[in-house]
Structures are given as structure tokens and as C-alpha cells.
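Contents: one structure, followed by commentary.
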Amino acid sequence: MTGLVRLVDDDEDLRAVQVQTLKMAGLQVEDFSLAADALKGMTRDYPGVVLSDVRMPGMDGLQFFGHLHAIDADLPVILLTGHGDVPMAVAALKAGAYDFLTKPVARDGLLAALNRALSARALVLENRDLRQASHDASGSFPELSGSSEVMAHLRAALDRVAGAGGSALLTGPDGAGKLVLARAIHRQGPRRARSFVHLACDALDDARFEADLLGSEAPGPRGTRQTGQLERAQRGVLFLDRVDGLSPSMQARLAAVLEAGEFWPTGAAAPRPTDVQLLASTSADLARLAADGRFDTRLFYRLSGTVLPVPSLAERREDIPALYRHFLLAACARLDRPAPAMTGAVKARLSGHGWPGNLPELRGFAESQALGVTPFDAQGNNDAPGLADLVAAYEAELIRDALRLAGGNATAAMGRLQLPRKTFYDKLARHGIRPTDFRR
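If you count by the numbering used here, then the sequence shown holds residues -2 to 437, one letter each, in order.
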């Protein structure tokens, strides 16, 4: 157990015993004899908890609690009371105090109460940080955040592509975030003030392709002309999502329009120039499809001048906990529910599961946690991990945490974990963990 405790008690002998007890349990202790002194430096961001006697000269424990509650109503305050002070302590609980303990306090009971309070404080501060990050990042794309090397490379490439305003092909598995990346390129690029038009290519129909893409000057059912997607995207961004879903005839027609640099809406008296930044996405091997004659080569070469591979969650595993917390907080805010604590089972799931569904699957898991739904199949189907799997996944997460804290230094990490070198490296091999992935 680690954490920070601000201890207030005017009894010097008792305070000295408590300080020794807490320090032996691995806690950091700030001790004071007067509540007024303990108030100095207290802020809403205080990273610890408060343990205070009730009967004290000057400002008593209840008054002290009142001042602390005004600074931060979520700060856990545990009161130490004599038998005659229990009614006062109960009143303090109703006013928002975290707990009270009757003196003399047994060591195990004291440490258990502090452990609960420290866990609650850590969760409150984490949720505040996430809310602030969500507020600060309004309009940004948290799915593209993360400390993994692959995401650092992707963000750097995103900046270059957005600044250049050129075409790009976004590749990667379904759910990895290709649409998010396309919107980020638009948001950061010179065409940000113009439209972003998302065209789901696998949903287009051959018979309506011309009208949907190019539009029509002929009056429609309501007597108005039809604006095509290409016209809507003028001077903006046209995103061809799942471009491999276009039929061969649609591929050829689109390639011809882009090659000509202009398009003719049906019934138009004159052509219109094509001025769009073209982005496209695929989860297929488009180069192989083009080489095999199954994708129009003219369109392929126009799209693939710049290729941005979007990694799956399995390729950026160290980002998963932060992404999960973001999705969890967003779901809790939408549902108006408190964020649940990160349990060992959830940590094991995050680190041990393969996440084949990528971001949508992780988002769905976070939402189930926000709703309080068990993350695993209670019927015991094959997707539910057994105890051995949970233990292995949790062990792997502890090793990753140690490497993160050590900045990828294997010697420092094995020291934190108190593991012999051979055992440490055996576990690295077993879990497929590389210390170099955690170096900055």
C-alpha cells in the first residue's frame, strides 16, 4: 500500500506511534499537532487523504473537516474519536466525512480504512484528470492519442499530410480508426473551413452512382436539382471509405472524373472543376488487388501516393488502458453514472484480450462497465477467461507497468518487481513484451 496521509493529532506520543505505524506500512505521512497548520497548503488537487483527531485545542476536528470540505468535498477525511464523540462523528459522516474510527484504533482496521480512502481519492483524481483532458481536447481525437511508437509515427505523418493537403490512402483493419484519422486530417488541414464528405463506397449502387457522386441538374421529385457528393466536397475533403467496395465500373468512372479534373452533373450545360482533397480507406491489400486486375490501376495510383497505416489495438497495446478510461468516462458522463474502479479482472481483460474488433469493441466494453454489466460471459462460454488466463494477463500488465515507470530500463524494472534476471526475461518472452517498446 502506498499513498499520502496528512495526520493531525495534538497528542504527541499517540501521533508518533501512528506515524511509525503508517510509515512501516509504506505510507508517506505529513503530521501536524494543530489543525490550523494542517490547513496550510491544502488544495483541491491534494493527492492524499486526511486522518484527524476530533478533540483538539483551537480548531477541533469537526471545524477542520468543515474547512477541508469547503476546499474539496471529495477529499476523504477520516476522524479519530473517543467513545463520547461518536454522535459528533456520525453527524460528520452525514455532512460528508469519509469515515470515523473509535480510539484506540487497531492497526489492521486503521490501515484498511486508509487503503479504502486512498483508493477512492485516486479514482476521484483520475476522473478529474480525464474530464479535464476531455475538455481540453474538445474537437480533437483521443482515439489517435497514446504513447506507443506506432501512434507517435502516425501523428507525425498526420501533421505532414494535413499540412500538404494532398491525397492519402488510409489502410488498416476495420475499427482501427481510419475514419477518425481522415477527420483529423481535415480538421488540421488548410481545408478545415470547408466540408468533409464521407462516402461509404460499399453502400453505393451502380445504377445511382452517377447521380449520387456527380449530381443532377434535372429537377427531382420535388422540383429541385440534386447535389452530388463531389460537389458537396468542393474545396473540402472527400473521404472514400472502404474504397475497395466500389464495383469495377464505378472505379473506372471515378478514375476518369479525377483524371479529367472536372465533372458533368447530369443535364448540366457546362462542366465543373474538381477541387477536392481525396482521402480513401481500405482494410484490403489494394496493391495486390490492382496487380491482379481486381482494382482500377489508375485509381489506385491516384490514391496511394501517400499511404498511412492505422494500427490495430493489438499493435498498440500500451495505449489500451488510457483509451479504455477515455471511453469509460465518456460513457459515465452520458449516462450520468459515477466511474467504477479499475478492478484486477478489468486490467487482466484489457491486457490479455486480443481486441479483434478494435476501437468499437473496446468502447463497447467500457460502456458495459459504466452500466455495471459483468464484462465476462456468466454462462462460461469460450470467450470467458479462466483463472490462469486472468493471472497471466494481470502479471503481464504488472510487468508493463514496471517497464513504463522505468522508461524501458529492464534492470530497473526487474528491481521494482524484485525478480531475478532469468525469471524476468522468461516472463518477458512468455508474454511477448519488449523493453524497447517502453523507451522514450
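For glycine and all other residues, C-beta sits at the position ideal for the given N, C-alpha and C.
Treat the numbers as computed from the prediction; the structure is a model and nothing was measured.
- Of the residues ARG413, ARG427, PRO417, VAL370, the one whose Cα lies closest to the Cα of ALA393 is ARG427.
- Scanning its chain for C-beta atoms nearer than 7 Å, with the 5 sequence neighbours on each side dropped, one finds around ARG436 the residues GLY404, GLY405, in chain order.
- Counting only the Cα atoms, ARG113 lies some 34 Å from ASN355.
- About 6 Å separates the beta carbons of LEU276 and VAL234, which is inside the 8 Å limit, making them a contact pair.
- The Cβ-Cβ distance between LEU77 and LEU48 falls below 8 Å.
- As summarised for the segment 255 to 334, the continuous beta strand (DSSP E) elements at least 3 residues long and confined to that stretch are 274 to 279, 304 to 306, given in chain order.
- With a threshold of 16 other beta carbon atoms within 10 Å, SER246 falls short and is exposed.
- With respect to THR263, LEU325 sits apart: the two C-beta atoms are not nearer than 8 Å.
- Under the three-state reduction of DSSP output, ASP7 falls in the coil class, being neither helix nor strand.
- Secondary-structure assignment with DSSP links GLN25 through a beta bridge to LEU1.
- In the three-state reduction of the DSSP assignment, ILE396 falls in the helix class, which pools H, G and I.
- Cβ-Cβ distances below 7 Å link ALA94 to PHE62, VAL74, LEU76 in the same chain, with the five nearest sequence neighbours on each side left out; the list follows chain order.
- Separation of PHE97 and ALA86 (C-alpha to C-alpha, rounded to the nearest whole angstrom) is 6 Å.
- Nearest Cα to GLY341 within the set ASP386, ALA267, GLN231: ASP386.
- Counting only the Cα atoms, LEU400 lies some 39 Å from ARG285.
- A distance below 8 Å between beta-carbons, with the five flanking residues on each side excluded, links VAL16 to the following residues of its chain, in chain order: LEU4, VAL26, ASP28.
- In the structure shown, ALA197 falls within a strand segment according to DSSP collapsed to helix, strand and coil.
- Its chain contains GLU214 as the residues whose beta carbon lies nearer than 7 Å to that of ALA265, once the 5 sequence neighbours on both sides are disregarded; these appear in chain order.
- Within the same chain, and ignoring the five residues on either side of ASP199 in sequence, the residues whose Cβ sits closer than 6 Å to its Cβ are ARG239, GLY242.
- Taking THR433 as the centre and dropping the five residues before and after it, the same chain places the C-beta of GLY405 closer than 8 Å to its C-beta, in chain order.
- Between the C-alpha atoms of HIS323 and PRO101 there is a straight-line separation of about 43 Å.
- 8 Å or more divides the Cβ of ALA257 from the Cβ of ARG299.
- Take the alpha-carbon of GLY58 and the one of MET21: they are about 25 Å apart.
- DSSP places ALA165 within a strand segment (E or B) once states are collapsed to three.
- 8 Å or more divides the Cβ of LEU347 from the Cβ of ILE396.
- Cα atoms of CYS329 and PRO308: separation of roughly 27 Å, rounded to the nearest angstrom.
- Judged by beta-carbon spacing, ALA161 lies beyond the 8 Å limit of LEU305, meaning their Cβ atoms are not closer than that value.
- Per DSSP, the beta bridge partners of SER49 are VAL5, LEU76.
- PHE236 sits in a strand when the DSSP states are folded into three classes.
- Taken atom to atom, the span from the alpha-carbon of ALA208 to that of LEU196 is near 13 Å.
- DSSP, reduced to helix, strand and coil, places GLY212 within a strand of the structure shown.
- Pairing LEU402 with ARG413 gives a Cβ-Cβ distance under 8 Å.
- One alpha carbon belongs to PRO170, the other to ALA33, and they sit about 59 Å apart.
- Annotation: ASP10 to GLY0 spans about 23 Å, alpha carbon to alpha carbon.
- Excluding five sequence positions before and after ASP69, the CB atoms of its chain that fall closer than 6 Å to its own CB belong to ARG41, given in chain order.
- Annotation for ALA281: ASP241 place their beta carbon closer than 8 Å to its own, counting only its chain and skipping 5 residues before and after.
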